[in-house]
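To start, the structure itself, in structure tokens.
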Amino acid sequence: MLSTLALLASSRRHGHTGQLIDRIARELAVEVIDLAALRLSAYDYEHRNRADDFEPLMMRVLAHQQLILATPVYWYAVTPAMKVFLDRICDLLEIPELLPAGRRLRGKNAYIVCTSVCAAPAPQFMGSLCETFSYLGMHFNGVAHVNCGDGLAPALLESTAGAFATHVRQAAPAPLPD
Ligand SMILES: Cc1cc2nc3c(=O)[nH]c(=O)nc-3n(C[C@H](O)[C@H](O)[C@H](O)COP(=O)(O)O)c2cc1C
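Take 2 as the starting number for the sequence shown in this note's numbering and just add one per residue.
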């Protein structure tokens, strides 16, 4: 299996999304990093926040071939913690010494693991993440979504996590974008 890392960004560690990504991660034997447990400050045009946990986190991300972003849908979008993480990727595109690291995102497989109270994740949510992956040269390779309108049903958790884990395990390296 391609080496894989999961990032979780929910307002509760063991809520619906946390349970879903934990079940997937157990199946795949991959690490889940809880963004809420890190010191990640908002994007700063002057980059005065370089001493926080973002750069060490990115070094861990870049060591893997696949990245799973796990976030609930909050108002048709990712959570604030996930947005901060995505915003901070701009650091890798702007700070000269980090540019080589930024280029190493290209060609990685990217996945979305999400929960909401709708039958499918909001198109705006999916669209903004997929556009972001595309901009970064990453290959969007799949989504796992559970409708938690009636809570997180154990059978649905199991079937969704199992099918998604099989898909991630069988993934091939993405071709480098043009
Ligand atoms: C602030 C907030 C905004 C939400 N916005 C949406 C939404 O736009 N669409 C939706 O389907 N569910 C929405 N939900 C429901 C959550 O996506 C759903 O309950 C999810 O399973 C929560 O996951 P969590 O336990 O990891 O936080 C929202 C929940 C919260 C707390």
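Heads up, the beta-carbon is just placed ideally off N, CA and C, and yes, glycines get one too.
In whole angstroms, what separates the C-alpha of residue i from that of residue j?
i, j, result
"Leu93", "Arg24", "31 angstroms"
"Arg40", "Ala82", "10 angstroms"
"Leu21", "Ser160", "11 angstroms"
"Thr1", "Leu6", "Residue 1 is absent from the model: the chain starts at 2 and stops at 179."
"Phe86", "Ala156", "31 angstroms"
"Leu36", "Ser42", "11 angstroms"
"Ala120", "Pro97", "43 angstroms"
"Pro101", "Leu58", "16 angstroms"
"Asn50", "Tyr44", "8 angstroms"
"Ala173", "Leu3", "7 angstroms"
"Glu95", "Ala154", "43 angstroms"
"Pro178", "Met60", "21 angstroms"
"Val169", "Glu47", "38 angstroms"
"Leu137", "Gly108", "9 angstroms"
"Glu28", "Leu8", "16 angstroms"
What is the residue span of the alpha helix (DSSP H) that residue i lies within?
i, result
"Thr5", "From DSSP, Thr5 is part of no alpha helix (DSSP H) but of the beta strand (DSSP E) over Thr5 to Leu9."
"His168", "Pro155 to Arg170"
"Gln66", "No alpha helix (DSSP H) contains Gln66, which DSSP labels as neither H nor E."
"Leu87", "Pro81 to Glu95"
"Glu132", "Pro124 to Tyr136"
"Phe104", "Looking at the sequence shown, residue 104 is not Phe but Arg. Per DSSP, Arg104 belongs to the alpha helix (DSSP H) from Leu100 to Arg104."
Among the residues of its own chain, which have a CB less than 7 angstroms from the CB of residue i, if the five just before and after it don't count?
i, result
"Leu99", "Asp92 and Leu93"
I'd like to confirm the pairing. Which residues does DSSP put opposite residue i in its beta bridges?
i, result
"His17", "DSSP lists no partner for His17."
"Glu32", "Leu6"
"Val118", "Per DSSP, none; premise fails for Val118."
"Ile113", "Leu70 and Val144"
"Ala26", "Note: Ala26 sits in no beta bridge, so no partner."
"Ala78", "Tyr75"
"Gly150", "Gly152"
Skipping 5 residues on each side, what residues in its chain have a beta carbon closer than 6 angstroms to that of residue i?
i, result
"Gln125", "Tyr77"
"Val144", "Ile113"
"Tyr75", "none"
Would you mind stating whether residue i and residue j have Cβ atoms separated by less than 9 angstroms?
i, j, result
"Pro73", "Gly16", "yes"
"Ala26", "Leu68", "no"
"Ser129", "Thr80", "no"
"Leu70", "Ala10", "yes"
"Arg89", "Phe134", "no"
"His146", "Ala175", "no"
"Asn148", "Thr116", "yes"
"Arg14", "Ala30", "no"
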